[in-house]
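S.K.:
Shown next as structure tokens:
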């Protein structure tokens, strides 16, 4: 087991490094730089003044040099300062990371609470009307755009019923965005649960368990659920990554002050240090969660431990 | 007894409740739920009345400030924040006239190279210190320092030296700079107090009507009234401290959510969506504000080095096809006006009547005839790109424009880019001479017609400079003042319009609308869409 963990940690570190380098290169392919973006609203700098600004920001250096400098800084823990506000990038990110995480985890919780039972019900009623109904809900969940669902929830629960605020922070404000994310991603979990359970329920050991005369709920909850969990946990990492990505839009709809909105703003402003900082944090959190899930996977499935 | 105990258990030891009889538990849960719902309902009503409280105001905008440092800020949203916190040396009336600000008086030397500003006595910074000539000098110097990375550095002018002398600040220029005093009134020229830069991190400490209480980036800027404020701005009636105590500039990125927050009473003033602003205007429960003093101008321009757009007749024909009244009425829901000059109305020296004589007029038939003479018909059209960037109202305008052009035999292929990418692309495109010709649109804003200089003095903004003759006019106007400068600016406008290098379309064009509930009184939009809260009162 320690060997698996060590290997996973190393892979994770290398992945993050690769992302930093790639992001550093790709960012320069996006047309428009921070100085152009700055000039877009008020035209009051001469081309010479703009060139001066570029050179002070180091934007006139070759791309490889800018990337190498950035990687060296990040390795030493320095994420730089934003170009627009001249604030430390790490500080801005750290301030918002908890918000983003809380929302992602709340969304995931809602998705699990709705998705797993739905998948369970569908698997048990395989081929029947209930199955079809559940899977239709699942397809609907995948198909409905998050921002639209968010706006509908705002209309009903904030504008009309006044139950929750339209925008803001705090526990009352998190309910609608968490519901939106949860409803959008529960479908994925429901499908996964269903297919995992359907497969397991046809296994010989389930037949054996039933033949032994075990009660049905024991068969389902003990013998079928645990192996099914392995598949669900696997997909969880994927869902989390989707969630972090999808959350950028939901944060915008609900004015949730997470790193996603910071990133959108930074991209419009071409604030390179901020964009790179976001990519590093975003990639790292997805990599870390995937790694944790891999490790959890090993704990859940004894066969994995034996393999190594 | 049992009843009381149940309450205790309910609140403190829920694990023991299990041993109680069922009826008690249900009563307990019911009571708990009732209390919770009451608390929730109360919470809800607090949110609603909170917005109505006389001394607080919540404003929802789409985007947060990028900086509250007036020497670094570039976006309208940032400058709206800095203009509440910082004052300017001079101020501007609605007619473009210059008035005192932090400076009670100013003098210009005979040669136009030395400006002496008298700093008003008794101005207090938000930290209690006095704003004096030394502070003003320090603020000048910081704005001009290349390490500040001030995006407006060129607009401050060719300043050679600054000096504090008693209560005077003496500014020496290396050459005459006519726009100097008007620039000093603009929200891009806020004056900071020395405490702002005392530490490594910038702190927004100014002399303006509001102090910064807190700023959570991308969430809210909280401003509190400055009790020591004495107003100089001619656009403000209230002579002293703002009537309201607190202003919160909240960020709600989604237009639909912003409007929902206004309707739910969570916020008092919002940046509305264009579509909803038109509806709100009909609704007596709301007010819609449009910035008359935006200083914004929307233009169409050409890649004039690429044939056949190097021919002024073709450019004129394209200008004549553009139905700007339709753009204003349909695309912009009648919330903007058409404009005739290359510079926004109300700015120094700008005369809409004269511009109307010089520029082209909507006349699709005549335009069609010119194009036909040049060999282009709707059947064999001139193919151009219509290069644009995304903004509310502009998208619809470009669609109507595309139809307008098609009618005279110009087939325009709309290419939309996001703003930074667009200006980057235009910088490349304007240098080329051998690609598909393009018509493009842009907007610009300022408090002085000198922005013509930044746009068209070669190489010009995104390389849109034109020729020696125009360079000379634009450079000369900077060295003049008063009537002579106004004449020179008009000469530049005339040259651009008669040769159809630009087709003026509308004013204003972006971020210019605000809406509030009807109970808000005295809210105003100032120059360059600054938000003026000094006169705001909330009625019941």
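Protein chains in written order, with the numbering used here: chain A, 11 to 318; chain B, 49 to 588. We put the beta carbon where it would ideally sit given N, CA and C, even for glycine.
Please confirm whether residue 271(B) and residue 325(B) have their CB atoms less than 8 angstroms apart.
M.R.: Not closer than 8 angstroms, so no.
S.K.: Along chain B, in chain order, which residues have C-beta atoms closer than 7 angstroms to that of residue 48(A)?
M.R.: Within 7 angstroms Cβ-Cβ: 122, 199.
S.K.: Just checking my contact of residue 349(B) with residue 490(B) at CB under 8 angstroms: how many whole Å lie between their CB atoms?
M.R.: Sure, about 7 angstroms apart at Cβ, within 8 angstroms.
S.K.: Pairs of beta-carbons, one from the segment 293-312 of chain A and one from the segment 13-20 of chain A, closer than 8 angstroms: are there three or more?
M.R.: The segment 293-312 of chain A vs the segment 13-20 of chain A: in contact.
S.K.: Nearer than 7 angstroms: is that true of the beta carbon of residue 333(B) relative to any heavy atom of the ligand ATP?
M.R.: The ligand ATP is not part of the structure shown, which contains no ligands of any sort.
S.K.: Nearest to residue 158(A) by CA position, among 287(A), 262(A), 39(A), is which residue?
M.R.: The option with the nearest alpha carbon to residue 158(A) is 262(A).
S.K.: If I measure Cβ to Cβ from residue 319(A) and keep anything under 7 angstroms in the same chain, skipping five residues before and after, which residues do I get?
M.R.: Coverage of chain A is limited to positions 11 through 318, which leaves residue 319(A) absent and any answer about it impossible.
S.K.: Where does residue 124(B) fall in DSSP's three states?
M.R.: Reduced to three states, the DSSP call for residue 124(B) is helix.
S.K.: Would you please state the rounded distance, in angstroms, between the beta carbons of residue 149(B) and residue 135(B)? I believe it to be under 8 angstroms.
M.R.: Indeed, because the Cβ distance is near 6 angstroms, the residues count as touching under 8 angstroms.
S.K.: Determine, using beta-carbon pairs with one atom in the segment 206-214 of chain B and one in the segment 277-292 of chain B, whether at least three such pairs fall under 8 angstroms.
M.R.: Contact between the segment 206-214 of chain B and the segment 277-292 of chain B is absent, because fewer than three Cβ pairs lie under 8 angstroms.
S.K.: Which of helix, strand or coil does DSSP assign to residue 119(B)?
M.R.: Three-state result, residue 119(B): coil.
S.K.: Can you give the Cα-Cα distance for residue 292(B) and residue 300(B), rounded to whole angstroms?
M.R.: Whole-angstrom Cα-Cα distance: 22 angstroms.
S.K.: For residue 275(B), count neighbouring Cβ atoms within 10 angstroms of its own Cβ and tell me buried if that reaches 16, exposed if not.
M.R.: Exposed, by the Cβ-count rule.
S.K.: Just to check my reading of the structure: residue 114(B) and residue 123(B) have Cβ atoms closer than 8 angstroms, yes? What is that Cβ distance to the nearest angstrom?
M.R.: The Cβ separation is near 6 angstroms, so the contact holds.
S.K.: For residue 215(A), which residues in the same chain have their Cβ closer than 8 angstroms to its Cβ, ignoring the five residues on either side in sequence?
M.R.: Only 233 meet the Cβ criterion.
S.K.: Under a Cβ-count criterion, where at least 16 other Cβ atoms within 10 Å of its own Cβ denotes burial, should residue 39(A) be classed as buried or exposed?
M.R.: Under this definition residue 39(A) is an exposed residue.
S.K.: In the structure shown, what three-state DSSP assignment does residue 213(B) receive?
M.R.: Reduced to three states, the DSSP call for residue 213(B) is strand.
S.K.: Between 505(B), 129(B), 151(B), which lies nearest to residue 215(B) when the distance is taken from Cα to Cα?
M.R.: Nearest option by C-alpha distance: 151(B).
S.K.: Quick one: residues in its chain with C-beta nearer than 8 angstroms to the C-beta of residue 185(B), no 5 flanking neighbours on either side, listed in chain order?
M.R.: The residues are 210, 211, 212, 217.
S.K.: Using a 10 Å radius around the Cβ and a threshold of 16 neighbouring Cβ atoms, would you call residue 564(B) buried or exposed?
M.R.: Residue 564(B) comes out buried.
S.K.: So the candidates are 188(B), 219(B), 233(B), 485(B); which of them puts its Cα closest to the Cα of residue 146(B)?
M.R.: Residue 146(B) has its Cα closest to that of 233(B), out of 188(B), 219(B), 233(B), 485(B).
S.K.: Starting from the Cα of residue 202(B), find the closest Cα among 28(A), 49(A), 292(A) and give me that residue.
M.R.: Among 28(A), 49(A), 292(A), the Cα nearest to that of residue 202(B) belongs to 49(A).
S.K.: Between the segment 498-519 of chain B and chain A, which residues of the former have CB atoms less than 7 angstroms from a CB of the latter, in chain order?
M.R.: Those would be 499, 502, 503, 507, 509, in chain order.
S.K.: With DSSP run on the structure shown, which of helix, strand or coil describes residue 80(A)?
M.R.: Three-state DSSP puts residue 80(A) in a helix.
S.K.: Thinking just about the alpha-carbon of each residue, which of 427(B), 586(B), 424(B), 578(B) is nearest to the one in residue 281(B)?
M.R.: Looking at the Cα atoms, 578(B) is the closest of the given residues.
S.K.: Under the rule that 16 or more other beta-carbon atoms within 10 Å means buried, what is residue 431(B), buried or exposed?
M.R.: Classification for residue 431(B): exposed.
S.K.: Looking only at its chain, what residues have a beta carbon closer than 6 angstroms to the beta carbon of residue 280(A), apart from the 5 residues adjacent to it on each side?
M.R.: Only 42, 43, 44, 47 meet the Cβ criterion.
S.K.: Return the chain-ordered list of same chain residues with a C-beta closer than 7 angstroms to the C-beta of residue 164(B), the five sequence neighbours on each side being excluded.
M.R.: The residues are 154, 155, 216, 218.
S.K.: On the DSSP letters alone, give me the boundaries of the beta strand (DSSP E) that residue 334(B) sits inside.
M.R.: That run of the beta strand (DSSP E) goes 334-338.
S.K.: By alpha-carbon positions, which one of 218(A), 225(A), 297(A), 212(A) ends up nearest to residue 254(A)?
M.R.: Considering only alpha carbons, the answer is 297(A).
S.K.: Buried or exposed for residue 514(B), going by 16 or more other Cβ atoms inside 10 Å?
M.R.: The residue is buried, with at least 16 neighbouring Cβ atoms inside 10 Å.
S.K.: If the cut is a Cβ gap below 8 angstroms, which residues of chain B does residue 91(A) touch?
M.R.: Going along chain B, no residue has its Cβ under 8 angstroms from residue 91(A), so there is no contact; the nearest lies around 10 angstroms.
S.K.: Is it buried or exposed for residue 309(A), if we count other Cβ within 10 angstroms and need 16 for buried?
M.R.: Classification for residue 309(A): exposed.
S.K.: Let's test the definition: count the other Cβ atoms within 10 Å of the Cβ of residue 381(B) and tell me whether it reaches 16, buried, or not, exposed.
M.R.: Residue 381(B) is buried by the Cβ-count criterion.
S.K.: Measuring CA to CA, which of 262(B), 458(B), 256(B), 295(B) is closest to residue 279(B)?
M.R.: Of the candidates 262(B), 458(B), 256(B), 295(B), the one whose C-alpha sits nearest the C-alpha of residue 279(B) is 256(B).
S.K.: Name the residues in the segment 226-243 of chain B whose C-beta lies less than 7 angstroms from a C-beta of chain A; which are they?
M.R.: Residues passing the 7 angstroms Cβ filter: 236.
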